[in-house]
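What follows is a short report on a single structure.
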Amino acid sequence: MRVLKLVGVNLLVIFYLSAAARAVELKPSVFESELQAIRYDYSLLAMAADDFAEFSGEADTSMAIMRGNKYKSPVKAMLLSLAVPGLGQYYYGSKVKSAIFLGTEITAWTLHIMWHGDAEDMTDEFETFNREHWLESRYERFLELAYYGYTDDDDIPTGGDSAVGITHHLPDTRTQQYYEMTGKYNQFAWGWDDAVLDGDSLGDFDESNPPPRIVSDETTPYSSLRFEYETMRADANDKFNDANKMITVAIINRIISGFEAYFMTRHRNKQADNGSNVFSRIHFEAGMKTFYTYKDTPFFKMSYQL
């Protein structure tokens with residue numbers, strides 16, 4: 109009981125002395141107030157440190173480290189994902205997204221390689237089919253009968269009706285264009301060894317009875333091998349297109365991964381800086397302030413950001 113009374117008396121004395129001191133408080137001059145603020149306000153040091161960090165390119169990291177948050181660079185995350193999709197996600201801490209983006213990349217390139225290989229095999233097949241069933245000698249014989257003895261479409265004179273029906277010129281070597289033209293254009297239909305026109309094959313025509321020039325569907329010989337060949341070639345081209353689409357998928361996946369990593373890293377940094385952790389919302393400030401012209405008083409301030 110005696111202890112409680114002693115404590116109570118001491119508190120009353122402290123309160124009285126404090127009130128009395130405030131009653132006789134002498135106001136410092138403006139110059140002294142500014143001088144003391146510069147000398148003892150430690151918050152200015154923190155501001156200077158932040159300004160230096162911003163100048164050196166580490167503006168966001170200083171406060172994050174002071175508050176216990178691990179800063180992640182959005183630019184670094186984006187560059188990592190552009191290099192290897194999913195790597196930026198792994199960098200900022202998402203293993204699930206990392207697996208999704210990396211898995212998409214691997215799948216796209218695997219399908220591209222597989223389908224491109226299939227397309228090349230299909231190309232080899234239709235080229236072999238062409239060499240077996242489309243004969244230059246038959247095409248040259250058609251030209252010879254229908255175009256006054258010429259056996260090369262490059263030699264047929266232009267002008268008048270001398271070159272009617274000649275719309276393309278067969279390449280001298282078996283290039284990609286060669287394999288395309290011999291199946292695609294009616295001009296080369298007589299080259300197929302099963303070609304017939306109204307029941308007549310190329311052997312049924314001669315100089316006295318030449319085959320008609322190919323100017324319409326009615327004068328175009330029919331060949332089931334030609335249509336089979338065109339189907340094979342179309343299938344191969346479709347497979348090449350599918351393979352190339354996988355490259356597009358891989359590129360899009362890489363771009364999405366890069367931007368997702370950039371914006372998600374920024375979001376996480378901002379979320380952490382705004383106080384996803386309750387302790388990061390608490391701010392402390394300590395310093396010295398002048399309450400009297402002859403004496404500095406230390407102070408400590410705590411604030412909580414809602």
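Going by the working numbering, the letters in the sequence shown line up with residues 109 to 414, in that order.
Ideal Cβ positions, reconstructed from N, Cα and C, are used throughout, including at glycine.
Closer than 6 Å by C-beta to residue i: which residues in its own chain qualify, once you throw out the five before and the five after it? Chain order, please.
i, result
"T212", "N361"
"R321", "A254, V272, G273"
"T373", "K180, P182, A185, Y200"
"I221", "none"
Going by the CB atoms, is the gap between residue j and residue i shorter than 8 Å?
i, j, result
"L210", "G196", "no"
"S202", "S365", "no"
"H276", "L333", "no"
"K184", "Y198", "no"
"W90", "S331", "The structure shown has nothing for residue 90, since the chain only spans 109 to 414."
"Y287", "N238", "yes"
"F348", "A227", "yes"
"L310", "P318", "no"
"Y179", "N377", "yes"
For residue i, which option in the options has the closest C-alpha, if you only look at C-alpha atoms?
i, options, result
"A295", "D301, P279, G273", "It should be noted that the sequence gives Gln, not Ala, for residue 295. With distances taken between Cα atoms, Q295 lies closest to G273."
"H224", "Y256, Q379, D350", "D350"
"A297", "T327, F313, P318", "T327"
"A369", "P265, K205, K178", "K205"
"R282", "F313, R374, Y256, E235", "E235"
"S316", "P182, A207, S245, Y256", "Y256"
"D314", "R249, S245, M222", "R249"
"E244", "D280, G268, F335", "D280"
"M289", "Y337, D308, Q379, P329", "Y337"
"F335", "S181, G291, I208, I221", "G291"
"D312", "R246, H375, A207", "R246"
Which same chain residues, not among the five before or five after residue i, have their C-beta less than 7 Å away from its C-beta?
i, result
"A216", "M354, V357, A358, N361"
"G165", "Reliability fails at G165, whose pLDDT of 43 lies under 50, so the model's placement of it is uncertain and the value that follows must be treated cautiously. Counting only Cβ-Cβ distances below 7 Å, and skipping sequence neighbours, we find nothing."
"D302", "S331, S332, L333"
"L219", "M354"
"P265", "A271"
"V304", "P329, Y330"
"D261", "L251, I274, H277, L278"
"A129", "Legend: pLDDT at A129 = 37, less than 50; position of this residue unreliable, no value from coordinates given."
Among the residues of its own chain, which have a CB less than 8 Å from the CB of residue i, if the five just before and after it don't count?
i, result
"F367", "M186"
"E252", "Y258, T259"
"D306", "none"
"Q285", "P279"
"K207", "It is Ala, not Lys, that sits at residue 207 in the sequence shown. These residues qualify, in order along the chain: G194."
"V192", "L210, E213"
Can you confirm whether residue i, when its beta carbon is compared against all beta carbons of chain C, has any partner nearer than 8 Å?
i, result
"I214", "The chain inventory of the structure shown lacks chain C, comprising one protein chain alone."
Mind listing, in chain order, the continuous alpha helix (DSSP H) runs of no fewer than 4 residues lying wholly within the stretch 301-357? Here no run is fully enclosed.
Hey, is the stretch 338-347 in contact with the stretch 225-232, meaning 3+ C-beta pairs nearer than 8 Å? Taking a cut-off of 8 Å for Cβ pairs, the stretch 338-347 and the stretch 225-232 touch, as three or more such pairs fall below it.
Runs of alpha helix (DSSP H) lying entirely within the stretch 235-293, each at least 4 residues, in chain order: Assignment of alpha helix (DSSP H) within the stretch 235-293, counting only whole runs of 4 or more residues, yields 244-254, 284-292 in chain order.
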